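Sequence positions in the sequence shown follow mature numbering (1 follows the signal peptide of the UniProt record, and there is no 0) and run -18 to -1, 1 to 300.
For each residue, glycine too, the CB sits at the ideal point set by N, CA and C.
Note that the structure is predicted; figures quoted are calculated from it, not measured.
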Amino acid sequence: MKTKISLLILLFSIVSNAQFVKNHGQLKVEGTQLVDKNSKPIMLRGMSYGWHSLWPRFYNKESVKWLKDDFKCNVVRAAMGIELGDSSYIKQPEFSKKKIKAIIDGAIKNDIYVIVDWHSHNINLKEAKLFFDEISKEYAGSPNVIYEIFNEPDDETWEEVKAYSEEIIKVIRKNDKQNIILVGCPRWDQDIHLPAANPIKGFDNLMYTVHFYAATHEKWLRDRTDEAIKSGLAIFVSESAGMEATGDGPLNVKAWKEYIDWMEERKISWITWSVSDKDETCSILNKSASSKGNWKDEDLKESGLKIREFLRKYNTEK
């Protein structure tokens, strides 16, 4: 009898986990909080793929399923490299869209959320407008999709980023009236005080991104973000990890856990970087890792084992 009950519990868990978007549906922003279709606060936690132009081998539906089933991700982030690499969007747009759509379609099939990330440090207004027009037409009506319209501005001013963002938001909103749009801010998404003082107006369901690497970015960034939230900004941590901002160096698990505790307390969604196999700390996979998941412990670096532990611990809501 106990065996039967255990099997029923396991089956119910599998079915529930397979219906995350079905259960939570259309996301929206209420005040500073991301909420689900029932206006219940929701946290998305998951993994970002590395630049598609550098690690295209991981951009497939099977890896999405593995991240959902094994890492317990309820969201993944497809990082489309705009300039970097021979297969970048600027050089190979059709190849790039194929790779990104593989992750979007994989997320929809597995009923989790997906961030479509315009992964650049520069303004490419013309190209971004064409891309987001196409994607928002194709996936309008799918509650799974979240648009991240500018990954990490570096030297651009907030006025430049704001003007660019407003143009892209208009393009998306012509096709998709309600899905969440993520807006970046200067200095690699650390200068969140700038949009806090001069936010984009006239659009709903906008959130602003903050990125941290815990061994570099100390409590000052959390304090700055707290002030931005107090001013009325909705915050989404669309990229983060536990090492230095270079993506390398030792993990600082204590500092990382301080950030996670801070996000959990405030119900801020968070994404970890990255599904890739570069010889650096932030790439969670070794070269031995299959392109399609089914990763054993020996395929995961220390950062991969740790983030899987965190995601399994916190992503318990179905």
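I'd like to confirm the pairing. Which residues does DSSP put opposite residue i in its beta bridges?
{"i": "Gln15", "result": "Glu12"}
{"i": "Ala60", "result": "Val98"}
{"i": "Thr207", "result": "Paired residue(s): none; Thr207 is not in a bridge."}
{"i": "Phe194", "result": "Ser222"}
{"i": "Val127", "result": "Val96"}
For residue i, collect the residues of the same chain with a Cβ closer than 7 Å to its Cβ; drop the 5 residues on either side in sequence, then sort them by chain order.
{"i": "Phe292", "result": "Ile242"}
{"i": "Gly286", "result": "Ile266 and Leu267"}
{"i": "Ala89", "result": "Val46, Val58, Tyr95, Val96 and Asn126"}
{"i": "Phe2", "result": "Asn56, Asp93, Ile94 and Lys300"}
{"i": "Ser124", "result": "Ile90"}
{"i": "Ala84", "result": "Tyr41, Asn42 and Lys43"}
{"i": "Glu138", "result": "Ile105 and Pro168"}
If you run the structure through DSSP and keep just helix, strand and coil, what is residue i?
{"i": "Ala178", "result": "helix"}
{"i": "Leu(-9)", "result": "Note that Leu(-9) scores a pLDDT of 46, beneath 50, so its modelled location is shaky; the value from the coordinates is reported in the next line. Reduced to three states, the DSSP call for Leu(-9) is helix."}
{"i": "Arg27", "result": "strand"}
{"i": "Tyr41", "result": "coil"}
{"i": "Leu188", "result": "strand"}
{"i": "Asn5", "result": "helix"}
{"i": "Trp202", "result": "helix"}
{"i": "Tyr71", "result": "coil"}
{"i": "Ile105", "result": "coil"}
{"i": "Gly88", "result": "helix"}
{"i": "Ala122", "result": "coil"}
{"i": "Asn(-2)", "result": "Note that Asn(-2) scores 48 on pLDDT, short of 50, meaning its location in the model is unreliable; the coordinates nonetheless yield the value given after this. Three-state result, Asn(-2): helix."}
{"i": "Phe114", "result": "helix"}
{"i": "Leu66", "result": "coil"}
{"i": "Phe53", "result": "coil"}
{"i": "Trp48", "result": "helix"}
{"i": "Ser78", "result": "helix"}
{"i": "Lys183", "result": "coil"}
{"i": "residue 322", "result": "Because the chain spans -18 through 300 in this model, residue 322 falls outside it and cannot be assessed."}
{"i": "Ser35", "result": "coil"}
{"i": "Lys22", "result": "coil"}
{"i": "Lys212", "result": "helix"}
{"i": "Ile(-14)", "result": "Residue confidence for Ile(-14) is low, a pLDDT of 49 falling below 50, so the modelled location carries little weight; the figure read from the coordinates is stated next. In the structure shown, Ile(-14) sits in a helix (DSSP, three-state: H, G or I)."}
Can you list, in chain order, the residues of its chain with a C-beta nearer than 8 Å to that of residue i? Leave out the 5 residues immediately preceding and following it.
{"i": "residue 309", "result": "Nothing can be reported for residue 309: it is not among the residues displayed for the chain, which extend from -18 to 300."}
{"i": "Leu49", "result": "Gly28, Met29, Cys55, Val58, Val257 and Gly275"}
{"i": "Lys269", "result": "Asp259"}
{"i": "Arg294", "result": "Phe53 and Lys54"}
{"i": "Asn234", "result": "Ala196, Ala197, Gly224 and Met225"}
Can you find the residues in the same chain that come closer than 6 Å, C-beta to C-beta, to residue i, ignoring five residues on each side of it along the sequence?
{"i": "Val(-4)", "result": "With a pLDDT of only 46 at Val(-4), under the threshold of 50, the placement of this residue in the model should not be trusted; the figure read from the coordinates follows. Closer than 6 Å at the Cβ level, and outside the excluded window around Val(-4), lies no residue."}
{"i": "Asp173", "result": "Cys167"}
{"i": "Pro23", "result": "Gln15, Val17 and Lys249"}
{"i": "Asn157", "result": "Ser118, Lys119 and Ala122"}
{"i": "Ala227", "result": "Tyr195 and Thr198"}
{"i": "Asp68", "result": "none"}
How about the segment 28 to 38 and the segment 59 to 69: do they share at least three Cβ pairs that are nearer than 8 Å? Using a C-beta cut-off of 8 Å, the segment 28 to 38 makes contact with the segment 59 to 69, since at least three inter-stretch Cβ pairs fall below that distance.
Sequence ranges, alpha helix (DSSP H) only - wholly within the segment 130 to 171, length at least 4: The segment 130 to 171 contains these whole alpha helix (DSSP H) runs: 140 to 157 and 168 to 171.
Those runs of the alpha helix (DSSP H) which lie wholly inside the segment 216 to 298 and span at least 4 residues: Within the segment 216 to 298, the complete alpha helix (DSSP H) runs of at least 4 residues are 235 to 248 and 284 to 296.
Sufficient close CB pairs (3 or more, under 8 Å) joining the segment 102 to 116 to the segment 129 to 143: Judged by pairs of C-beta atoms under 8 Å, the segment 102 to 116 touches the segment 129 to 143, as three or more such pairs exist.
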